[in-house]
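Here's the structure, in structure tokens; my notes come after.
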Amino acid sequence: MEIVKQSNQAVAFNYFDSEQFATMQRLCQMFSASDLVPDKYRTSEKNPAAKAIANCMIALETAQRINASPLMVMQNLDVIQGKPSWSSKFLISTINTCGKYEQLKYRFQNLGKVGKLELTETKWEGGQKKTYKIPFDGSEIDNIECVAYTTIKGSDEVIESSEVTIKMAILEGWYTKAGSKWPIMTKKMLRYRAASFWTNEHAPELSLGMRTVEENQDIEDIDYEEISTKVAGKIKENANKQEMTMDSTPATTPAADPSAQKREEINSTSGEQNPI
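Number 243 in my numbering belongs to position 243 of the sequence shown; there are no gaps in the numbering.
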């Protein structure tokens, strides 16, 4: 008797197959007309049909890669600073439901107070990058450490993430950034970052190498301004506008000595040389 083994591995979508592409396009048109999908996937006045369908196509292809529901991918895939990012909750649920690992757990430890630190701040000034040292007093802040861990199903080997600490969050600028949730939701942010570290280190195929929303929001942006376009525009704007003044008096050569000119005329008629 022939035994057929069913595989749970998702079949990759081939963009260059005309039949597959046509099928995916019809699915994308269906999703783009739904009220259940986020705005960036839905056709509207601000989001043209071509753009909405393209976003749906990428979401469907991503869902196939990680064997997830297309709607869940659309609900949890955000764009932060131009980069696709997973919500941390979705990433954790993907680990817990992938079938390979046990449920992800967390271990906390208080390492004492953070103490006084010296932070590094980088700014662009006049087209040059400058670094400043800023003192930070963390004498009243607990330096909590979080480690995410789990085991492979059927194995007792514990797989751990790298340690994430409050001191690390302060030094990296996550804690002190304007609008940061680290000071008020400390343990939640520690869990999210530890889960992201665990995925990047042990199962990057689950996140497809993408960061979480919280990670991309915590990345400290340096205000850098590209001035080449602005300079080119300024040159074009001011071209041929500078006032140029020209002397109305024509330039003349120094007048010749009249007596010398007269002597030359006499010599030319008499054939005599001019006495020295």
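Even for Gly, the Cβ is constructed at its ideal location relative to N, Cα and C.
If you draw a straight line from the alpha carbon of residue i to that of residue j, how long is it in whole angstroms?
{"i": "T151", "j": "C98", "result": "13 Å"}
{"i": "G112", "j": "V164", "result": "14 Å"}
{"i": "I222", "j": "K181", "result": "Only weak support exists for where I222 lies, its pLDDT of 46 falling under 50; the value from the coordinates is given anyway. Whole-angstrom Cα-Cα distance: 20 Å."}
{"i": "E172", "j": "Y132", "result": "14 Å"}
{"i": "K123", "j": "C56", "result": "38 Å"}
{"i": "S44", "j": "V114", "result": "50 Å"}
{"i": "S155", "j": "Q29", "result": "44 Å"}
{"i": "K51", "j": "I58", "result": "11 Å"}
{"i": "D35", "j": "P84", "result": "22 Å"}
I'd like to know whether the C-beta atoms of residue i and residue j end up nearer to each other than 9 Å.
{"i": "L77", "j": "F31", "result": "no"}
{"i": "A195", "j": "I66", "result": "no"}
{"i": "L208", "j": "T62", "result": "yes"}
{"i": "V147", "j": "E160", "result": "yes"}
{"i": "V26", "j": "A33", "result": "Reading the sequence as shown, one finds Arg at residue 26 and not Val. Not in contact: R26 and A33 (Cβ atoms no closer than 9 Å)."}
{"i": "Q64", "j": "F13", "result": "yes"}
{"i": "M74", "j": "P38", "result": "yes"}
{"i": "L119", "j": "I184", "result": "no"}
Mind checking residue i: buried by the 16 CB within 10 Å criterion, or exposed?
{"i": "R281", "result": "One cannot answer for residue 281 here, as it falls past the ends of the chain, which runs 1 to 276."}
{"i": "I144", "result": "buried"}
{"i": "Y224", "result": "Here the model assigns Y224 a pLDDT of 45, short of 50, so the residue's position is not dependable, and the following value carries that caveat. Exposed, because fewer than 16 other Cβ atoms sit within 10 Å of the Cβ of Y224."}
{"i": "Y15", "result": "exposed"}
{"i": "E214", "result": "buried"}
{"i": "F90", "result": "buried"}
{"i": "D218", "result": "buried"}
So the candidates are the options; which of them puts its Cα closest to the Cα of residue i?
{"i": "I166", "options": "K130, V158 and T176", "result": "T176"}
{"i": "A203", "options": "Y149, Q217, M24 and I219", "result": "Y149"}
Hey, does residue i have any beta-carbon neighbour from chain D nearer than 9 Å?
{"i": "N200", "result": "The structure shown contains no chain D; it is built from a single protein chain."}
Please determine whether the Cβ atom of residue i lies at a distance below 8 Å from any heavy atom of the ligand NAD.
{"i": "K153", "result": "This structure lacks the ligand NAD; in fact it carries no ligand of any kind."}
- [ ] Check whether the stretch 124-140 touches the stretch 181-196, counting contact only when three or more Cβ pairs, one atom from each stretch, lie closer than 8 Å.
- [x] no
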